[in-house]
Amino acid sequence: MKIFLFVWAFFIPLMGAVAQQFSKADLVKDLNYAEKALRETHPGLFRYQSKQQFDSNLAATYAQIKDSMDLRDYYEVTARFISSIRCAHTVIIPTANWSDTLYKARYFFPFQIYFLEGTAHLLINRSQNQDVKPGSVLLAINGRPINDIVQNIFRHLFADGANETLKYMQIQNVLFSYYYNLFIERADSFHIEYINQEGKRRNVTLPGVGMEEGNKYAQANPVNKEILEGIRKETAQKSEPRQFRINSNTSTATIVLREFYGGQTGEEARQKLKHFMDDAMTKIQEQHIKNLVIDLRNNSGGYDSQGQELLTYFIQQPLRYYKSMHTITYNSPFLAQSSVSEEERNAIATGKLLIPQPDSTFLLTEQVNPTLGILQPKPNGFRGKVYYLVNGATGSATAEFTAVAHSLKTGVFIGEETGGNYTGGNGSEFVALRLPVTKMPLMIPLVYYCNNVEEPGEKGRGTIPDHQVPYILQDLLTGVDTQLEFTYRLIEKQK
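Residue numbers (this note's numbering): 2 to 496.
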């Protein structure tokens, strides 16, 4: 999906101290506008819910609108409604100028948090307190159990179906502080209950911190020394979006792909990845490498064409990547505010590029989207053992690739459930709106994807790895890559 690059990572909530008040009539007007746009253009409104459920959630949202609400409170209501659609590509944000408000905000929770198998750990201490060490288990904040806090925040975040690994990725590290401030409470101090690394229950009350202040404390606080060194080491290793290396001793090559981007068009992007992969395959064949690790963790997507290009190195028969794609409109006025160009809209309006269906949807043809064509296997493809590394931030176009590659049994999957629906998401082109009164940006996908995969055991989930390998706390604190090391050990065992 060519536009979406983990949109949530940039959607930082509005933190302004002085809030404009809106009338109920104006806020209802905004929701009316959003409702109309969703009903006219969104092809996946009922992918995970019935029309009755959608209507019920919408009615509940209207009922929560009150007079003299500020933007923050109105956003809390609308975000919960948009989240109920359960589409990672349907997103509303409170303000477009998030970066302007970010560094002006005050009173953030003074720790970065990391979740391991659902358990919250205080990872980096962003205060002047030196008693709370990295790795301590967070139990409660201001009397609220952390599990209750997390579930409340989750109800406002955007993810496909029943997936939670993406949501955990959204609240890792500093992002937890933003969402706590927005959806839980606006506190200037935090009473924190935790279990230290000696297993003893402790509590401490600390003041909130601003972004710049917290950054300064995080670097200066000696309790963070070891973990910051580990992060610097890991960051240096992962700085390049495409990496290739060979360990001839274990006959293992490792390819790291952090994004499916590069180029101004899908075809340009395909060619860029082809050049990289052809070069890698030449070196692999010259050294007779038997094992290949494809690291797709934190690859949040990009061009569908790059996922397709990657797959052609691991298949031996021609096949289709997608079963189908459809949309529900070709003439909505909202398309004028979409990523579909006027030229493309005029061509589609002729009626020759979309195929009308009995259910009032319109199938896309290969002429509209070339990725609907048949993929051909590469003559220089890899024929050894393939190991894919994935996590909750493996999303969008990359999650499509992992689903198809998994369904075809092209290799072994290791890590965590991916962040995109196994059978397909909604995306490709998008309507980008601003609500008329509050000016909140709303993004709506226009195309419903059906991946060419077997039906999974659990609907609404991502690709479930063959080996689910969560990070180990001590590895996290010291910069050791738990999942990659597991993969290398697995390769050694299977010799």
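Glycine included, every Cβ here is placed at the ideal spot set by N, Cα and C. All figures in this text were calculated on a predicted structure; none of them were measured in a lab.
Handout entry: Close Cβ partners of Q22 (< 8 Å) along its chain, the five nearest in sequence each way excluded
Key = S69, M70, D71
Practice task
Please determine if the stretch 428–447 and the stretch 404–418 are in contact, where contact requires at least 3 C-beta pairs separated by less than 8 Å.
Solution key: no
Problem - Selected residue, minimal CA-CA separation from P242, among E230, F277, K324, R203 - result: F277
Problem - Buried versus exposed call for K3 [16 or more other C-beta atoms within 10 Å across all chains shown] - result: Confidence is the limiting factor: at K3 the pLDDT is only 38, short of 50, which leaves the residue's position unreliable and the question unanswerable from this model.
Handout entry: Spatial neighbours of S325 in its chain, beta-carbon cut-off 7 Å, leaving aside the 5 residues before and after
Key = L364, C451
Exercise for the section: Report the rounded CA-to-CA distance for E165 versus Q368, giving the unit in angstroms. Expected result: 36 Å
Problem - Span of the alpha helix (DSSP H), counted from its first residue to its last, around K307 - result: In the sequence as presented, Lys is not what sits at residue 307; that position holds Gln. Element bounds for Q307: 305–312.
Handout entry: Range covered by the beta strand (DSSP E) that runs through Y389
Key = 386–391
Exercise for the section: Given a cut-off of 8 Å, decide if I415 and V470 are closer than it, judged by their beta-carbon atoms. Expected result: yes
Problem - Best match in Y108, Q484, Q113 for proximity to Q171 [C-alpha to C-alpha] - result: Q113
Exercise for the section: Could you say which of N197, I228, G374, A160 lies nearest to N174 if we only look at CA atoms? Expected result: I228
Exercise for the section: Determine, using beta carbons only, whether M212 comes closer than 8 Å to chain C. Expected result: In the structure shown, chain C cannot be found, because there is only a single protein chain.
Problem - N- and C-terminal bounds of the beta strand (DSSP E) containing G324 - result: Looking at the sequence shown, residue 324 is not Gly but Lys. Note, K324: beta strand (DSSP E), 323–328.
Handout entry: Limits of the unbroken alpha helix (DSSP H) element including V151
Key = 147–155
Practice task
Using three-state DSSP, classify R202 as helix, strand or coil.
Solution key: strand
Practice task
Please state if the CB of V387 and the CB of P466 are separated by a distance shorter than 8 Å.
Solution key: no
Exercise for the section: Look up F277 in the DSSP assignment and say whether it is helix, strand or coil. Expected result: helix
Practice task
Identify, in the order they occur along the chain, each residue of the same chain with its Cβ nearer than 6 Å to the Cβ of F116, setting aside the five sequence neighbours on each side.
Solution key: Y169
Handout entry: Supposed contact pair G426 and H90 - C-beta distance, whole angstroms, cut 8 Å
Key = 6 Å
Exercise for the section: Could you pull out every residue in the same chain whose Cβ sits closer than 7 Å to the Cβ of G308, ignoring the five residues on either side in sequence? Expected result: F261, A398, T399, E401, F402
Practice task
Tell me whether the beta-carbon of A281 lies closer than 8 Å to the beta-carbon of F315.
Solution key: no
Exercise for the section: Out of Y322, F109, S333, N332, state which residue places its alpha-carbon closest to the alpha-carbon of M212. Expected result: F109
Problem - Simplified DSSP assignment, three categories, for M441 - result: coil
Problem - Among I256, S333, I125, L32, the one whose alpha carbon lies nearest that of N300 - result: I256
Exercise for the section: Keeping to the same chain, check which residues put their C-beta closer than 6 Å to that of N204; ignore five residues upstream and five downstream. Expected result: E194
Problem - Local Cβ density within 10 Å of I458, reported as buried at 16 or more and exposed below that - result: One point to set straight first is that residue 458 is Gly, not Ile, in the sequence displayed. Per the 10 Å Cβ criterion, exposed.
Handout entry: Contact check, V454 vs T424, beta carbons under 8 Å
Key = yes
Exercise for the section: Go ahead and pull the three-state DSSP assignment for D296. Expected result: strand
Handout entry: N-terminal and C-terminal residue of the alpha helix (DSSP H) that T166 is part of
Key = 166–171
Practice task
Report the option in L434, L477, G374, T419 whose CA atom is closest to the CA atom of L39.
Solution key: L434
Handout entry: Distance between V133 and R202 (C-alpha atoms, nearest Å)
Key = 11 Å
Handout entry: Under the three-state DSSP convention, the category S429 falls into
Key = strand
Exercise for the section: Taking all protein chains shown into account, decide if S178 is buried (16 or more other Cβ within 10 angstroms of its Cβ) or exposed. Expected result: buried
Handout entry: Other residues of its chain near C88: CB distance less than 6 Å, five sequence neighbours each side excluded
Key = G45, N427
Exercise for the section: Could you check if T351 is buried or exposed, using at least 16 other CB atoms within 10 Å of its CB as the buried criterion? Expected result: exposed
Exercise for the section: Tell me I285's beta-bridge partners as DSSP assigns them. Expected result: According to DSSP, I285 bridges with nothing at all.
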